[in-house]
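Residue numbers (the numbering used here), protein chains in the order written: chain A, 1 to 39; chain B, 40 to 550.
Note that CB positions come from ideal geometry on N, CA and C, so glycine has one too.
These figures come from a predicted structure and were not determined experimentally.
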Amino acid sequence: MSCKTVLTMIFAMGSVYGGLLLSLLYFFKKQTHTSEKEE
Amino acid sequence: MSIICIPTIVFCMQGKKLEEKRPDFFTSRWGFILSMMGVAIGAGNIWRFSRIVAQNGGGSFIIPWVIFLFIWSIPLLMAEVAMGKLTRKAPIGAIALVGGKKYGWMGAFIALVATGILFYYSVVVGWGFSYFFYSLTGKISSETNFLTLWENYSQSFLPLLFHGIAITLGACVVYRGIAGGVEKSNKILMPLLFLMILIMVLRAVTLPHAWKGIEYLFTPHLSDLLNYKVWIEALTQNAWDTGAGWGLVLVYACFANKKESVTVNSCITAFSNNAISLIFAITIFSAIFALESSTGIEALISGEGSSNTGLTFIYLPKLFTSLPGGPWIHTSFSALFFLSFSFAALSSMISMVQLTSQVIFELGIPKKKAILFTAIGAFLLGAPSALNINFFNNQDWVWGLGLLVSGLFIALAIIKYGVEKYRKEAINTSPHDFKLGKFYNIFIRFLIPLQAIVLILWYFYISITELDRGTWWNPFRTFSVGTLLLQWGAGLIIFVIFNKWLVKKSLEKRF
């Protein structure tokens with residue numbers, strides 16, 4: 001695989017899956033935080 | 040047929056018992072997010088994305104496609120979720136409350152576009168179900184002539200029958216309410232969809248030479264990247280497949296908990312939508328290159344694969360039945376594909392039934408009757424699309440482009456309200472959220488309207504110069520500007536005339 005292919009893959013996969021992962025982590029972190037507060 | 044009908048009737052009957060026990064709101068954050076994903080992930084991710092990627096140079100398309108995710112889809116989804124939570128109204132009431140009572144007609148147009156799409160979208164769900172049954176009954180095999188199969192199928196009464204089944208399923212889900220119907224169905228459909236996609240992609244990437252397909256998908260070419268058409272197609276794909284600006288997420292957000300997040304949920308929805316598109320593309324390109332067929336990509340770009348239906352119902356079954364592994368692999372791969380296609384489309388269709396019935400309900404019709412009217416109306420007005428592919432293409436053209444106007448109207452209503460005020464009062468309100476900075480104002484004030492206007496003008500230009508050259512003004516042509524203006528115009532004139540009544544009725548109703 002060429003360098004530009006790898007870079008595009010990192011950009012696309014990183015943005016989409018990285019963004020999804022970060023959003024989910026934030027979602028679960030906040031959810032746990034809120035449940036602890038409610039308890 | 041009883042496989043679908045019996046569970047549907049039982050599902051509806053259970054709904055009656057549950058109706059009085061549950062409040063009609065989403066009961067969990069996860070349920071709300073899965074339902075939002077259900078809106079976004081639909082047929083567009085599966086039957087349009089791979090074809091458009093192939094037609095626009097593979098990796099060269101992926102780069103602008105990711106960029107437009109951030110400057111179109113995510114900001115618009117945030118705007119919609121915030122509007123639903125702020126107003127607790129379907130599009131007419133929501134736009135009237137945010138943009139002013141004079142502009143309720145814009146909300147009515149948003150509802151009309153989503154309803155127009157519902158009419159033919161249930162036909163698509165029906166096609167998916169039909170081909171799933173074809174896969175199970177052995178009609179999809181290496182000896183099948185898929186062009187003949189599709190022609191025979193589309194000219195028979197079966198699309199109408201399955202259109203009826205699809206709309207009945209959707210209406211039954213909505214009839215059971217938000218918690219017992221929409222949320223529950225998405226909690227089942229979405230994980231099953233993810234599981235099926237995972238199985239398919241694992242099988243596809245472990246095929247010999249699959250990496251060549253992945254390489255094709257991610258290799259950019261400078262000449263394509265400098266081509267403005269690639270950028271326009273990338274924006275179009277984002278506008279059509281994330282569900283941003285459709286008003287559907289807005290309606291779901293009306294039933295969200297007060298503390299439900301706007302920014303995080305919108306990001307999860309948009310990212311997961313594009314993630315699913317990428318996975319499907321990896322699956323399809325891996326399978327194409329696994330066959331070592333140099334004509335694979337060409338078939339995807341032109342000929343049989345030149346339209347969404349051609350790709351999905353003629354080329355892909357042919358591809359699946361050519362995979363190494365024998366009849367069992369062929370049947371299971373095509374069955375999994377068409378079931379996941381049906382689930383993705385069904386989850387989006389449910390949100391359209393919810394939107395239309397909610398609008399009718401807010402205009403003063405009791406909820407159950409509103410759902411019944413929606414189902415009967417969708418069946419009758421969707422019937423021409425089920426029976427005639429040209430009519431289907433016309434409706435797809437008219438209301439597909441209408442979505443760009445819907446996105447524009449949402450942005451205009453927020454501009455009227457005050458973008459800064461909206462960001463503070465509607466978006467940055469949940470304790471579960473990350474707070475948006477002032478940069479968001481630029482998206483709503485400039486970037487969204489600019490992108491919508493550029494796209495609308497572009498498609499007018501395409502119609503005049505390519506799709507319907509010479510007869511673009513004729514309202515009875517499938518892809519003409521004339522048909523588009525006639526159908527949009529008829530709706531807009533009626534809504535402007537009855538604006539006062541529509542707004543009054545929508546605002547006085549509380550759920």
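The segment 77-87 of chain B contacting the segment 386-398 of chain B, beta-carbon criterion three pairs below 8 Å: yes
Extent of the continuous alpha helix (DSSP H) run through residue 311 of chain B: Residue mapping note: residue 311 of chain B aligns to position 272 of the second sequence, counting from 1. Note, residue 311 of chain B: alpha helix (DSSP H), 302-329.
Partners in chain A for residue 222 of chain B, counting only beta-carbon separations shorter than 8 Å: Position 183 of the second sequence, counted from the first residue, corresponds to residue 222 of chain B. Ordered by position in chain A, no residue passes the 8 Å Cβ test against residue 222 of chain B, which lies about 17 Å from the chain.
Whole-angstrom C-beta distance between residue 423 of chain B and residue 179 of chain B, which should lie under 8 Å: Within the second sequence, the letter at position 140 stands for residue 179 of chain B. Within the second sequence, the letter at position 384 stands for residue 423 of chain B. In fact, because the Cβ distance is near 27 Å, the residues do not count as touching under 8 Å.
Limits of the alpha helix (DSSP H) - the one that residue 429 of chain B falls within: On the second sequence, position 390 is the one that residue 429 of chain B refers to. Element bounds for residue 429 of chain B: 428-456.
Beta-carbon proximity list for residue 358 of chain B, same chain, < 6 Å, skipping 5 on both sides: Taking the second sequence and counting its residues from 1, the one referred to as residue 358 of chain B is at position 319. Here the set comprises 326.
First through last residue of the alpha helix (DSSP H) which encompasses residue 33 of chain B: Because chain B in this structure spans residues 40 to 550, residue 33 of chain B falls outside the shown range and cannot be described.
C-beta contact flag for residue 299 of chain B and residue 74 of chain B at 8 Å: To locate residue 299 of chain B, count along the second sequence from 1; it is residue 260. To locate residue 74 of chain B, count along the second sequence from 1; it is residue 35. For residue 299 of chain B and residue 74 of chain B, no; Cβs fall outside 8 Å.
Residue 5 of chain A beta carbon less than 8 Å from that of residue 257 of chain B: As a working mapping, residue 257 of chain B is identified with position 218 in the second sequence. As a working mapping, residue 5 of chain A is identified with position 5 in the first sequence. Result yes, Cβ atoms of residue 257 of chain B and residue 5 of chain A sit closer than 8 Å.
Within-8 Å CB hit, residue 25 of chain A to chain B: Residue numbering aside, residue 25 of chain A sits at position 25 when the first sequence is read from its first letter. Chain B contact via Cβ: absent.
Proximity test, Cβ basis, 8 Å: residue 68 of chain B and chain A: Residue 68 of chain B sits at position 29 when you count from the first residue of the second sequence. Yes, residue 68 of chain B lies at the interface with chain A (some Cβ there is under 8 Å from its Cβ).
Buried or exposed by the 16-neighbour rule on C-beta atoms within 10 Å, applied to residue 459 of chain B: Walking along the second sequence from the start, residue 459 of chain B turns up at place 420. So residue 459 of chain B ends up on the exposed side.
Within-8 Å CB hit, residue 101 of chain B to chain A: For the purposes of this step, residue 101 of chain B is identified with residue 62 of the second sequence, where counting begins at 1. With 8 Å as the cut-off, residue 101 of chain B counts as an interface residue toward chain A.
Amino acids of chain A, ordered along the chain, whose beta-carbon sits closer than 9 Å to that of residue 259 of chain B: Indexing the second sequence from 1 puts residue 259 of chain B at position 220. Within 9 Å Cβ-Cβ: 4, 5, 7, 8.
Residue burial classification, residue 360 of chain B (beta-carbon count within 10 angstroms, cutoff 16): Taking the second sequence and counting its residues from 1, one reaches residue 360 of chain B at position 321. Buried.
Interface flag, residue 307 of chain B vs chain A, CB-CB below 8 Å: By one-based count along the second sequence, residue 307 of chain B stands at place 268. Chain A contact via Cβ: present.
Any non-hydrogen atom of the ligand ADP closer than 7 Å to residue 169 of chain B Cβ: With respect to small molecules bound, the structure shown includes none, and the ligand ADP cannot be examined in it.
Any 3 or more C-beta pairs closer than 8 Å across the segment 4-24 of chain A and the segment 101-109 of chain B: Contact between the segment 4-24 of chain A and the segment 101-109 of chain B is present: three or more C-beta pairs spanning the two stretches fall below 8 Å.
Candidates B/214, B/330, B/261, of which the one nearest residue 97 of chain B by Cα: Within the second sequence, the letter at position 58 stands for residue 97 of chain B. Comparing Cα positions, the closest option is B/261.
Extent of the continuous alpha helix (DSSP H) run through residue 551 of chain B: Only positions 40 to 550 of chain B appear in the structure, and residue 551 of chain B is not among them; the question remains open.
Whole-angstrom distance between residue 363 of chain B and residue 289 of chain B, CA atom to CA atom: As a position in the second sequence, residue 289 of chain B is number 250, starting the count at 1. As a position in the second sequence, residue 363 of chain B is number 324, starting the count at 1. Using only the alpha carbons, I get a separation of about 45 Å.
Where residue 105 of chain B meets chain A, residues with beta-carbon distance less than 8 Å: Looking up residue 105 of chain B in the second sequence gives position 66. Result: 11, 12, 15, 16.
Straight-line Cα distance separating residue 418 of chain B from residue 200 of chain B: Here residue 200 of chain B refers to the residue found at position 161 when the second sequence is read from its first residue. Here residue 418 of chain B refers to the residue found at position 379 when the second sequence is read from its first residue. If I take the Cα positions, the gap works out to 10 Å.
Pair within 8 Å by beta-carbon distance, residue 37 of chain B and residue 450 of chain B: Outside the shown range of chain B, which is 40 to 550, sits residue 37 of chain B, and nothing can be said about it.
Spatial distance of residue 169 of chain B from residue 232 of chain B (CA atoms): Position 130 of the second sequence, counted from the start, is the residue given in the question as residue 169 of chain B. Position 193 of the second sequence, counted from the start, is the residue given in the question as residue 232 of chain B. Using only the alpha carbons, I get a separation of about 18 Å.
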